[in-house]
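Q:
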Amino acid sequence: MTAMNDIQKLFPSIDGNENQREELIKSMKQILTEIDGLKDPSKLTLGEMPEYTEDYYNRIVEQAIVPEMGLSMDNTVQKLLDLVKGHRYVNQNYVANAAPLPNTASLLGNLIMVLVNGNNLWDVEGPAAATAEVEVTSMLSKIIGYDANASAGFTTWGGQGAVFQSLRLAIARYDIESNRKGIPQNLYCFCSELSHYSLYKSVEATGIGVDNMIRVKVKDDHSMDLEDLKEKMNQVIEDGGIPLYVLATMGTTDTFGIDDIAEVKRITEKLEQENGLKPIYIHADSAMGGMYTFFNDYDFENNPLHLDEDTCDVLMGYVQKFRNIRIADSMVFDFHKLGQTPYITSLFLIKDKEYLQYVDLDVSETPYVGNRGYGSYHTSYTLECSRMGSAMAIYASLLAFGVEGYQRLLANYIRVNIAFRNTLTSEVPNVALTNEISPITTFRFYPEERKWSDERNGNLTLEEMTEINQFNDAFAEVLGMERDTIFFGNTKKQRLIKPIDVDQRIPVYAHKFFSISPYTTLEEVDRYVEFLKEHMALFLKTHERILV
Ligand SMILES: *Cc1c(COP(=O)(O)O)cnc(C)c1O
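Below, the structure written as structure tokens:
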């Protein structure tokens with residue numbers, strides 16, 4: 001026995017011996033068995049939730065201390081499993097947001113990633129992840145219509161990281177000096193008023209400043225109003241500013257609005273010509289919708305998956321829009337949303353790898369890694385230094401699902417939403433659907449009869465709209481209390497609408513149904529609607545009492 005023997009037992013083997021492997025398998029089996037034991041399809045949570053008293057986290061702070069002596073592995077695992085109790089588990093009762101139930105292949109990909117623990121910074125330190133990253137970059141470039149020989153890609157910290165990195169590329173491409181001298185003060189970014197706050201944070205952090213982020217109005221289908229975009233870009237130019245960057249959202253986070261990239265490109269090119277501007281960068285924020293590019297080459301005529309007609313109609317409409325992602329300078333695949341993989345699995349794709357030279361580090365700045373005679377893949381252009389190899393989980397999913405598997409999964413989100421919309425509006429008289437058919441349905445209740453078309457057309461007063469908002473807000477609280485049965489989402493800014501009597505647009509509150517798991521099936525739809533109907537009936541009774 002050497003002195004390090006006990007410590008070595010805390011690690012996997014280096015010689016592949018069976019004993020140490022069995023130890024690991026034993027712990028994993030314990031974990032899987034105990035988590036399975038907590039699963040209950042009639043609930044959303046794994047076992048009982050801890051009591052989140054006011055001082056819950058304070059008490060944790062008080063008690064927390066590194067144990068003087070290490071615990072046994074059994075005890076350690078038990079402590080970890082304690083944390084899992086009451087955890088939300090994405091099953092058919094979760095219809096709130098784009099939270100994934102990671103598919104099995106992606107879990108195994110993740111496991112292999114951590115077992116060999118490559119550093120995705122450099123292929124010498126992480127060959128598996130490097131090859132996987134190159135491979136998924138090429139695979140997905142081909143899906144969306146980028147030239148795989150010209151494109152580049154890397155996994156990064158979410159859809160938000162992709163927005164940030166794209167803005168950084170845009171700035172450096174516009175002014176190569178900016179890396180040394182700081183950024184010019186007259187740069188402007190444009191995005192939909194319903195875009196994700198990723199750009200907001202990115203203009204803060206890059207120094208462009210929030211004042212130089214121009215929000216463009218949306219149309220009834222929640223896509224950017226391109227007339228408004230054109231007007232606002234012209235205004236910026238007139239005032240001496242430089243339009244640098246347009247964020248085209250491909251599936252807004254709450255309502256799945258899809259911007260018309262082809263038209264955005266026409267507008268920016270025209271402005272460039274008319275005003276002698278440098279190319280304006282377009283990033284497709286496809287964090288929510290990007291997976292739908294998997295239908296780009298679907299044969300709708302022969303319909304090999306036998307998708308129903310309504311679903312096909314929606315998907316054909318998507319293809320018209322998502323095919324144009326290839327026009328964008330960059331885009332993102334957030335597999336941890338509709339692709340059903342663990343956090344964080346986001347691939348940032350760049351149309352032209354030459355852009356990376358603008359942000360790559362000088363060789364003299366990276367003395368420790370890369371730029372040696374050995375190794376040929378060194379991601380010195382990313383904002384991270386060490387990087388997890390999350391391409392492994394993406395790669396695993398793409399292999400296990402194939403294009404067809406993803407098409408089935410993605411078509412089901414739509415099919416279930418169509419059924420939900422039909423059942424909800426026929427069963428509940430005081431509800432209105434407030435977005436287009438998509439994986440997300442937004443809906444809004446009214447204290448009496450539905451007034452959505454009047455409201456949307458700006459015919460209600462501020463007082464009426466406020467009352468309806470409060471009605472929906474209060475009902476969201478009721479539903480939130482019952483989220484262990486079915487967890488619906490909600491939003492306080494589905495879109496902005498101007499009341500008839502004031503000059504300001506106000507946000508509309510809405511509820512969300514987000515079919516996000518393969519277990520959210522047609523068979524479940526009646527139960528979702530029944531749940532809403534029952535709770536609304538009760539709510540209306542108490543609401544009337546308050547009004548009287
Ligand atoms: C979710 C989302 C993001 C942010 O993605 P993360 O992976 O959570 O960082 C950005 N844009 C859109 C449109 C999104 O829906």
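Be aware that the sequence shown starts at 1, since it is given in the UniProt record's numbering, and climbs by one per residue.
For each residue, glycine too, the CB sits at the ideal point set by N, CA and C.
1. Tell me whether ASN93 is buried or exposed, calling it buried when 16 or more other Cβ atoms sit within 10 Å of its Cβ.
2. Could you give the DSSP three-state label for LEU247: helix, strand or coil?
3. Which residues in the same chain have their Cβ closer than 6 Å to the Cβ of ASN110, if we skip the five residues on either side of it in sequence?
4. From GLN340 to ARG88, what distance separates their C-alpha atoms?
5. In terms of residues, what are the limits of the beta strand (DSSP E) holding ASP334?
6. Would you tell me roughly how many angstroms separate the C-alpha atoms of ILE208 and LEU199, rounded to the nearest one?
7. Would you say ASN430 and TYR406 are within 7 Å of each other, going by their C-beta atoms?
8. Is the CB of ASN303 under 7 Å away from at least one CB in chain C?
9. Just verifying my parser: in three-state terms, what is the DSSP assignment at TRP122?
10. Between GLY240, THR249, GLN8, which lies nearest to PRO184 when the distance is taken from Cα to Cα?
11. Rounded to the nearest angstrom, what separates ILE282 and GLU34 at their Cα positions?
12. Can you check DSSP and say which residues form a bridge with GLY489?
13. Go through the segment 251 to 323 residue by residue and report every complete run of the alpha helix (DSSP H) that reaches 4 residues or more, in order.
14. By Cβ distance below 7 Å, which residues in the same chain neighbour ARG450 in space, the five residues on each side in sequence not counted?
15. Less than 6 Å between C-beta atoms, sequence neighbours within five positions excluded: which residues of the same chain meet that for TYR381?
16. Mind checking which residues open and close the alpha helix (DSSP H) that includes GLY159?
17. Tell me CYS346's beta-bridge partners as DSSP assigns them.
18. Suppose contacts are defined by Cβ-Cβ distances below 7 Å. Is PHE333 in contact with GLY290 by that definition?
19. How far does the alpha helix (DSSP H) with MET113 in it reach, from first residue to last?
20. Exposed or buried, what is ARG173 when buried is set at 16 or more other beta-carbons lying within 10 Å of its beta-carbon?
21. From what residue to what residue does the alpha helix (DSSP H) around SER27 run?
22. Would you call the CB atoms of LYS533 and GLU427 closer than 7 Å?
23. So what's ILE143 in DSSP terms, helix, strand or just coil?
24. Just confirm the distance between the C-beta atoms of LEU194 and ARG456, as a whole number of angstroms; I'd bet it's less than 8 Å.
25. For the alpha helix (DSSP H) holding LEU410, just list the boundary residues, first then last.
26. Using CA atoms only, rank isn't needed, just tell me which of SER286, ASN75, ALA105, GLU51 is closest to GLY161.
27. Can you give the beta carbon distance from residue 558 to ALA419, rounded, assuming they're within the 8 Å contact cut?
28. For ligand 1, list every residue whose C-beta falls under 5 Å from any of its heavy atoms, going in chain order.
29. Quick check: the Cα distance between LYS219 and ASP225, rounded to an integer number of angstroms?
30. Measuring CB to CB, does VAL84 end up less than 7 Å from GLN30?
31. LEU538 to ASP82, Cα distance in whole Å?
32. Measuring CA to CA, which of LEU540, ASN412, PHE348, ILE171 is closest to THR137?
33. Touching or not, the segment 313 to 330 and the segment 257 to 274, by the rule of three or more beta carbon pairs under 8 Å?
34. Checking 7 Å against the spacing of the C-beta atoms, do THR423 and THR434 come in under that value?
35. Run through DSSP, which three-state label would LEU383 get?
36. Residues in its own chain within less than 8 Å of TYR146 by CB, not counting five upstream and five downstream?
A: So, to answer that:
1. Your numbering for residue 93 matches position 93 in the sequence shown. Buried, since its Cβ has 16 or more Cβ neighbours within 10 Å.
2. Start at 1 with the first residue of the sequence shown, and residue 247 comes out as number 247. In the structure shown, LEU247 sits in a strand (DSSP, three-state: E or B).
3. Locating residue 110 in the sequence shown gives position 110, where the first residue counts as 1. Answer for ASN110: PRO342, ALA393, listed in chain order.
4. Translated into positions along the sequence shown, residue 340 becomes position 340. Translated into positions along the sequence shown, residue 88 becomes position 88. Cα-Cα distance, rounded: 16 Å.
5. In the sequence shown, residue 334 corresponds to position 334, counting from 1. Residues 330 to 334.
6. Working through the sequence shown from its first residue, we reach residue 208 at position 208. Working through the sequence shown from its first residue, we reach residue 199 at position 199. Rounded to the nearest angstrom, the two C-alpha atoms are 11 Å apart.
7. One-based indexing of the sequence shown puts residue 430 at position 430. One-based indexing of the sequence shown puts residue 406 at position 406. Contact: no.
8. The question asks about chain C, but that chain is absent: this structure has only one protein chain.
9. As a working mapping, residue 122 is identified with position 122 in the sequence shown. Looking at TRP122 - three-state DSSP - the assignment turns out to be strand.
10. Locating residue 184 in the sequence shown gives position 184, counting from the first residue. Checked all of GLY240, THR249, GLN8; the closest Cα to PRO184 is GLY240.
11. Residue mapping note: residue 282 aligns to position 282 of the sequence shown, counting from 1. Residue mapping note: residue 34 aligns to position 34 of the sequence shown, counting from 1. The alpha-carbon atoms of ILE282 and GLU34 are separated by roughly 47 Å.
12. Reading the sequence shown from its first residue, position 489 is the one you call residue 489. In the DSSP output, where bridge partners are listed per residue, GLY489 has LYS512.
13. 261 to 275, 309 to 322
14. As a working note, residue 450 is residue 450 in the sequence shown. So the list reads ASN430, VAL431, ALA432, once near-sequence residues are dropped.
15. By 1-based counting over the sequence shown, the position of residue 381 is 381. Cβ within range, chain order: LEU356, VAL359, ASP360.
16. Along the sequence shown, one-based indexing puts residue 159 at 159. Its alpha helix (DSSP H) spans residues 158 to 174.
17. In the sequence shown, counting from the first residue as 1, residue 346 sits at position 346. It should be pointed out that residue 346 corresponds to Ser in this sequence rather than to Cys. In DSSP, SER346 forms a bridge with THR156, ASP334.
18. Mapped onto the sequence shown, residue 333 falls at position 333. Mapped onto the sequence shown, residue 290 falls at position 290. For PHE333 and GLY290, yes; Cβs fall inside 7 Å.
19. Position 113 of the sequence shown, counted from the first residue, corresponds to residue 113. Where MET113 is concerned, the enclosing alpha helix (DSSP H) stretches over 104 to 116.
20. Sequence index remark: in the sequence shown, residue 173 carries index 173 (1-based). It counts as buried.
21. Stepping through the sequence shown from its first residue, residue 27 is reached at position 27. Element bounds for SER27: 18 to 38.
22. In the sequence shown, residue 533 corresponds to position 533, counting from 1. In the sequence shown, residue 427 corresponds to position 427, counting from 1. Closer than 7 Å, so yes.
23. Stepping through the sequence shown from its first residue, residue 143 is reached at position 143. DSSP places ILE143 in helix when its eight states are reduced to three.
24. Locating residue 194 in the sequence shown gives position 194, where the first residue counts as 1. Locating residue 456 in the sequence shown gives position 456, where the first residue counts as 1. LEU194 to ARG456, Cβ: 15 Å. No contact.
25. Locating residue 410 in the sequence shown gives position 410, where the first residue counts as 1. Run containing LEU410: 391 to 427, per the alpha helix (DSSP H) assignment.
26. Within the sequence shown, residue 161 is the residue found at index 161, counting from 1. Answer by Cα proximity: SER286.
27. A query on residue 558 cannot be resolved here, the shown segment of the chain reaching from 1 to 548 and no further.
28. GLY158, GLY159, GLN160, HIS196, SER198, THR253, ASP285, ALA287, MET288, ASP334
29. One-based indexing of the sequence shown puts residue 219 at position 219. One-based indexing of the sequence shown puts residue 225 at position 225. Their Cα atoms are separated by approximately 5 Å.
30. Numbered from its first residue, the sequence shown carries residue 84 at position 84. Numbered from its first residue, the sequence shown carries residue 30 at position 30. Cβ distance not < 7 Å, so VAL84 and GLN30 don't count as in contact.
31. Locating residue 538 in the sequence shown gives position 538, counting from the first residue. Locating residue 82 in the sequence shown gives position 82, counting from the first residue. Cα to Cα, LEU538 sits roughly 36 Å from ASP82.
32. Against the sequence shown, residue 137 aligns to sequence position 137. If we check each option's Cα against that of THR137, PHE348 comes out closest.
33. yes
34. Taking the sequence shown and counting its residues from 1, one reaches residue 423 at position 423. Taking the sequence shown and counting its residues from 1, one reaches residue 434 at position 434. Not a contact, by the Cβ cut-off of 7 Å.
35. Your numbering for residue 383 matches position 383 in the sequence shown. Note: LEU383 maps to coil in three-state DSSP.
36. Taking the sequence shown and counting its residues from 1, the one referred to as residue 146 is at position 146. Only ARG326, LEU349, LYS351 meet the Cβ criterion.
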